[in-house]
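Asks: Please see the structure below; I have some questions.
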Amino acid sequence: MRGWTHFLSGLAMASFFPELLADLRMGILLPVITGVYGYLPDFIDFKIRRFLWKRDYIVDPAPWDPKLKIAPMTIKVKDVREDKRYQFYALEGVVTSVLSESNDRIIFKLRDDTGEIRVEAFMDDYIRFKKIYGDIKPGDKIRVPGYIDIDNEGLKLVFSDAPHPQYIASMIAKAIDEAYESGRMITVKVFNIRMSGDIYRRFLIHYDMPTRSIKVYIGPLVTTGGVPIKGTEVPEYRRVGEAQTKYPFLKTYPRPTVIDAFSGPEIGYQKTKLPDGREVVEEVFIPWHRGFSHSFTAGILFALLLAPILYLINYHHIWQLVIASMLGYWMHVIEDQLGFMGNNLLPPLTKKRIPGLMLGPNIYTGMNFATSWLMISLITWNINRFTTPRPVPLSDPVFLLILLIPTIVIYSYGVWDSIKFRRLYKVYWKYYATLEALNEEELIGGI
Amino acid sequence: MLSPYEVVMWTLLGTGFGVLLSWIPGFHIYNLMALIMITYPVFMEVPESFPFFALGALVAFVYLSILPSVYLSVADESLILMLFPTQRYLVLGRGHEAVWLSLLGAVGGSIILVILGLTVIPVILPPLYLLFSPYITWILLAIVVFMFLSEWLKAGDREKTPSRRLWVAWQQSLGGIFVFLAAGLLGFFVMNTGFVPAKFAYVRLTPMFIGFFGMPWVLQNILSRRHIPRQDTRDKIEASMFGIANGTIAGAFGGYIAAFFPIVTGGMGALVAGHMASSRGDDVFIVSQGANRVLYYVGAFFLLFVPTARLTRGAGAWLVSSIYTPKTWIEFYYAAGAILLAAGISFISTIYMSKLLARILTQMNYVKLSYVVAVLLAIITYLLADIPGLIVLAVATIIGLASVVFNTRRSYCLGGLIFPVLISMTGQTGTLLQFFGLTPQALMGG
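First to last, the sequence lines map onto chains X and E.
Sequential numbering of the first sequence, starting at 1, is according to this note's numbering.
Sequential numbering of the second sequence, starting at 448, is according to this note's numbering.
Listed below in structure tokens is the structure:
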């Protein structure tokens, strides 16, 4: 569900308590806290836990310039090392000699105050190089972007407008192998590629299970809204990177993981045993999400924390507000339980996520709207029954039924959709759980 | 009572007035209507005509004012959320397409407004008002709290240690709170002291909003030496039917929330509605904002015509009701027709104006144009509110730029409106004035 739906659910819980509604009418606005509690589980995960999560591998194909916060970062020649191979940087210096130049290739030496390095541009990149720099000669001062590479003659910079995807593929493969060998979850943080002008170089990570290979595709530049910019595709010869893993892995989300705007995702890799006894490495998308924070236990604890604060500020309806806040928190957990991923509902009594109810698997938008409408209906209904004289002079059950018609219709469709879908559930539930996690991150990120 | 012919005539006059002036950056239709009302005595002689003139002008403003926001980055508070996506279209040479998307939303919003207005609204509005009017402060505060809670923390991800990541990320949120409070305090002073003299009462918020939402973008265009590529002026859009429908409905819903609840702005309503309808993507968002603004501005104004409620929502409605408040069902039906008439004319006008602006923009240096716009905004501010207006503009511009520095939501500048209202609704205006050492004399501008 979207953030507002959770927030609204929290507010709706306050409306069940006439004392809190009376406070609100008198301008005592503390009951707004119930809305905060409705949103709190996602707040904890996305605003706190995400940043504190331990990262085992950092995959940064194009490190940012620390001041400009865009790629490529300008480095010195002395900082060009083998462990930076295929990453996207820029070098600035003076051309000392042009070693060779033909119809589709130029090799020259560039010197800065720390050393000298070979720079190469070839094929489509050579044409682009000539457009930008023209005919270079010794003594010219230039800044060249490109990826670092190594050959028989040593380290060099290859002129380009993106990193080489081989770097990303190799790092992911390495993480998968380590997850298998160590038996613990390995978290990889994949950074995005941010370029000048608030545009991003899109790339895709594809897990090819049968061949045990990780394939990475470099895509076009896109805007923060994900609109591709025509003519910014990279040449075919540096479009794909591929790396083999030593061990089998399971990709539960069948589409490639796309990384472009906002921050890149954290991906966990965990060794797991399949029903047939085989051991594979499984992908866990954003592993910091839907842990303890999304449980009834956490709801109780966080609500209890509120009590002494309310006591200290001398609020008169402490327990009503504490209970309403706890219910708001629980509503978040219940609403998330309607989807695929599910939650670990009662830790420490329960240890694992309990799969969700999978309501309306194909009508996410409708289910979200129906839930929001349900909460608006509850608020309206409660306000009406606690107001004298009643603005809507209908009996409580009739008024509630009228208000709930849209929710009942959409939820009924959601149940039917779910029954239809359950036939495929056993095969694909993990795929949808990951899709849901991906959606959730995109939606929260897209606010 | 006006005849149908007179209704059409006054609507057309209002629409023409709006079409002529609404594309100019920095002009807000409410300011212009205030000036017209003061300077043009005809409305005092035929007061029944003013609501229809104003309605035509308002519809034209809602349609035409998309142009300065798309092409010149000058927005009012209801357009601020739309600036980022439309600017992305502009830098891709697709500014005209962004205008089209917004117009589709606006047309959809106009139709929804009239249909709902003629059917459901007169029935449900009175009980809704009775139900929710005691809880407006709660609703307003809830939306503000949600704005802060739901902000995506962009920075911090690249820091080395977890604690550092957390701190850098949270600087954005703290920056947002700072911007909201700074804007709020400025708004509080502007609204509660005589700094902007009473003779500029109708326009006293305009310098602040130009400073928050218009000037910072223009200055950014200048500082970043922005270059705009050749614009494609073909009449084509890339969007799905579902996206357009989703955006229109979500935008209309948000617009109605904003129209119904005082001080809830179009942008805030759009945020809520976007969440409810799970709207995603730049195209859907632009469509939703187009619909949202129609409901926010015109829908709020239309409430004045509803005989069963006659709610005065928005500065336009207050302005008009000071001369004449529509009372009859026939005026209500006339207004529904006037909305559609004005919408049709404004739609066509916006398309052609957009093509013209896109061509001019392609031929002009964008940085030089931005200088001209900056000077124009300053001149408009001076004409509207004299030297105090320019001072407010300068302070508001600094606050607007602070949101850029903190990389936080620019909509937090809405604190300039929301904060003083929240303070007033909770009865704390006097306390805060006292806290800042302001006396009742200061309130009188003495």
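All residues carry an ideal CB built from backbone N, CA and C; glycine is no exception.
Whole angstroms is fine: what's the gap from L670/E's alpha carbon to L519/E's?
Replies: Start at 1 with the first residue of the second sequence, and residue 670/E comes out as number 223. Start at 1 with the first residue of the second sequence, and residue 519/E comes out as number 72. Those two C-alpha atoms are separated by around 14 Å.
Asks: Keeping to the same chain, check which residues put their C-beta closer than 8 Å to that of W776/E; ignore five residues upstream and five downstream.
Replies: Locating residue 776/E in the second sequence gives position 329, where the first residue counts as 1. Hits under 8 Å: P754.
Asks: By alpha-carbon positions, which one of I786/E, V665/E, L718/E and E544/E ends up nearest to Y400/E?
Replies: This structure cannot settle anything about residue 400/E, because the visible part of chain E is limited to 448 through 893.
Asks: Is the separation between the beta-carbon of F497/E and that of F508/E shorter than 9 Å?
Replies: For this step, residue 497/E is matched to residue 50 along the second sequence. For this step, residue 508/E is matched to residue 61 along the second sequence. Against a cut-off of 9 Å, the Cβ pair of F508/E and F497/E comes out as no contact.
Asks: When you compare only the Cα positions, how much space is there between P389/X and E495/E?
Replies: On the first sequence, residue 389/X is found 389 positions in, with the first residue counted as 1. On the second sequence, residue 495/E is found 48 positions in, with the first residue counted as 1. Distance between the alpha carbons of P389/X and E495/E: 36 Å.
Asks: I'd like to know whether the C-beta of S687/E is nearer than 9 Å to at least one C-beta of chain X.
Replies: Residue mapping note: residue 687/E aligns to position 240 of the second sequence, counting from 1. No, its Cβ sits nowhere closer than 9 Å to a Cβ of chain X.
Asks: With a 10 Å radius around its C-beta and 16 neighbouring C-beta atoms as the bar for buried, classify M688/E as buried or exposed.
Replies: Within the second sequence, numbered from 1, the residue matching residue 688/E stands at position 241. Exposed is the call here.
Asks: Under 8 Å: does the beta carbon of D60/X sit that close to some heavy atom of the ligand FAD?
Replies: With respect to the ligand FAD, the structure shown offers nothing to examine, as it has no ligands at all.
Asks: State the Cα-Cα distance for the pair Q875/E and G473/E, rounded to the nearest angstrom.
Replies: Walking along the second sequence from the start, residue 875/E turns up at place 428. Walking along the second sequence from the start, residue 473/E turns up at place 26. In a straight line, the C-alpha of Q875/E is about 33 Å away from that of G473/E.
Asks: Could you give the first and the last residue of the continuous beta strand (DSSP E) run that contains T224/X?
Replies: If you number the first sequence from 1, residue 224/X lands on position 224. Run containing T224/X: none; DSSP gives neither H nor E here.
Asks: Would you tell me roughly how many angstroms separate the C-alpha atoms of L652/E and Q881/E, rounded to the nearest one?
Replies: Within the second sequence, the letter at position 205 stands for residue 652/E. Within the second sequence, the letter at position 434 stands for residue 881/E. Their backbone Cα atoms lie some 23 Å apart in a straight line.
Asks: Output the boundary residues of the alpha helix (DSSP H) element that contains I453/E.
Replies: The residue given as residue 453/E occupies position 6 in the second sequence. According to the sequence provided, residue 453/E is Glu. The question's Ile does not apply to it. E453/E -> alpha helix (DSSP H) spans P451 to L468.
Asks: Count the other CB atoms, across all protein chains shown, that sit within 10 Å of the CB of G893/E; report buried if there are 16 or more and exposed otherwise.
Replies: For the purposes of this step, residue 893/E is taken as the residue at position 446 of the second sequence. Note that G893/E scores a pLDDT of 36, beneath 50, so its modelled location is shaky; the value from the coordinates is reported in the next line. Its Cβ having fewer than 16 others within 10 Å, G893/E is exposed.
Asks: Taking the C-alpha atoms as reference points, what is the distance between L357/X and L879/E?
Replies: For the purposes of this step, residue 357/X is identified with residue 357 of the first sequence, where counting begins at 1. For the purposes of this step, residue 879/E is identified with residue 432 of the second sequence, where counting begins at 1. Their Cα atoms are separated by approximately 51 Å.
Asks: Any idea what DSSP makes of R118/X, helix, strand or coil?
Replies: In the first sequence, counting from the first residue as 1, residue 118/X sits at position 118. Looking at R118/X - three-state DSSP - the assignment turns out to be strand.
Asks: Indicate the three-state DSSP secondary structure (helix, strand or coil) for S850/E in the structure shown.
Replies: Taking the first residue of the second sequence as position 1, residue 850/E is located at position 403. Helix.
Asks: Answer with buried or exposed for K251/X, where buried requires no fewer than 16 other C-beta atoms within 10 angstroms of its C-beta.
Replies: Position 251 of the first sequence, counting from 1, holds the residue named residue 251/X. Flag for K251/X reads buried.
Asks: What does the Cβ neighbour count give for A648/E, buried or exposed, with the cut at 16 atoms within 10 Å?
Replies: As a working note, residue 648/E is residue 201 in the second sequence. Exposed is the call here.
Asks: When you check each C-beta in the stretch 580–598 of chain E against every C-beta of chain X, which residues fall closer than 8 Å?
Replies: The residues in question are P581, Y582, T584, W585, L588, A589, V592, F593, L596, S597 and E598.
Asks: Determine the burial state of Q888/E: buried for a count of at least 16 other Cβ atoms within 10 Å of its Cβ, exposed for fewer.
Replies: In the second sequence, the residue the question calls residue 888/E occupies position 441. Caution applies to Q888/E, whose pLDDT of 45 falls short of 50 and renders its modelled position unreliable; the value that the coordinates give is listed next. That one is exposed.
Asks: Quick check: the stretch 45–59 of chain X against the stretch 111–124 of chain X, are at least 3 beta-carbon pairs closer than 8 Å?
Replies: With a cut-off of 8 Å, the stretch 45–59 of chain X and the stretch 111–124 of chain X do not count as touching, because too few Cβ pairs lie within range.
Asks: Residues of the stretch 865–886 of chain E with a CB closer than 8 Å to any CB of chain X: list them in chain order, please.
Replies: Going along the stretch 865–886 of chain E in chain order, one finds M872, T873 and G874 with a Cβ nearer than 8 Å to chain X.
Asks: Tell me whether K189/X is buried or exposed, calling it buried when 16 or more other Cβ atoms sit within 10 Å of its Cβ.
Replies: The count along the first sequence starts at 1 and reaches residue 189/X at position 189. It counts as buried.
Asks: Consult DSSP for S97/X and reduce its assignment to one of helix, strand or coil.
Replies: For the purposes of this step, residue 97/X is taken as residue 97 along the first sequence, with counting starting at 1. In this structure, S97/X counts as strand in the three-state DSSP scheme.
Asks: So, for L751/E: in the same chain, excluding its five sequence neighbours on each side, which residues have a beta-carbon less than 8 Å away from its beta-carbon?
Replies: Residue 751/E sits at position 304 when you count from the first residue of the second sequence. Counting only Cβ-Cβ distances below 8 Å, and skipping sequence neighbours, we find P498, R757, L758, T759, R760, A764, V767, S768, T772 and P773.
Asks: In whole angstroms, what separates the C-alpha of Y703/E from that of A504/E?
Replies: Here residue 703/E corresponds to residue number 256 of the second sequence, with the count starting at 1. Here residue 504/E corresponds to residue number 57 of the second sequence, with the count starting at 1. Each residue's alpha carbon lies about 20 Å from the other.
Asks: Please compile the residues from chain X whose C-beta is within a distance smaller than 9 Å of the C-beta of P663/E.
Replies: Locating residue 663/E in the second sequence gives position 216, counting from the first residue. Going along chain X, no residue has its Cβ under 9 Å from P663/E, so there is no contact; the nearest lies around 16 Å.
Asks: Under 9 Å, Cβ to Cβ, is there at least one residue of chain X near F531/E?
Replies: Here residue 531/E corresponds to residue number 84 of the second sequence, with the count starting at 1. Output row for F531/E: interface = yes.
Asks: Tell me whether the beta-carbon of I70/X lies closer than 9 Å to the beta-carbon of S196/X.
Replies: Taking the first residue of the first sequence as position 1, residue 70/X is located at position 70. Taking the first residue of the first sequence as position 1, residue 196/X is located at position 196. In this structure, S196/X lies closer than 9 Å to I70/X by Cβ.
Asks: Mind checking the stretch 638–657 of chain E against chain X and listing, in chain order, the residues whose C-beta falls within less than 7 Å of any C-beta there?
Replies: Within the stretch 638–657 of chain E, no residue qualifies.
Asks: Whose CA, out of V591/E, W470/E, L613/E and I583/E, lies closest to the CA of K47/X?
Replies: Indexing the first sequence from 1 puts residue 47/X at position 47. It is L613/E whose Cα lies nearest to the Cα of K47/X.
Asks: Residues of chain B with CB under 7 Å from W4/X, in chain order?
Replies: Looking for chain B here will not work: the only protein chains present are X and E.
Asks: Just verifying my parser: in three-state terms, what is the DSSP assignment at N668/E?
Replies: Locating residue 668/E in the second sequence gives position 221, counting from the first residue. Helix at N668/E.
Asks: Closest Cβ-Cβ distance between L29/X and chain E: below 9 Å?
Replies: Position 29 of the first sequence holds residue 29/X. Yes, L29/X counts as interfacial toward chain E.
Asks: Would you list the residues sitting across from H88/X in a DSSP beta bridge?
Replies: Start at 1 with the first residue of the first sequence, and residue 88/X comes out as number 88. Per the sequence shown, residue 88/X should be read as Phe rather than His. In the DSSP output, where bridge partners are listed per residue, F88/X has Y147/X.
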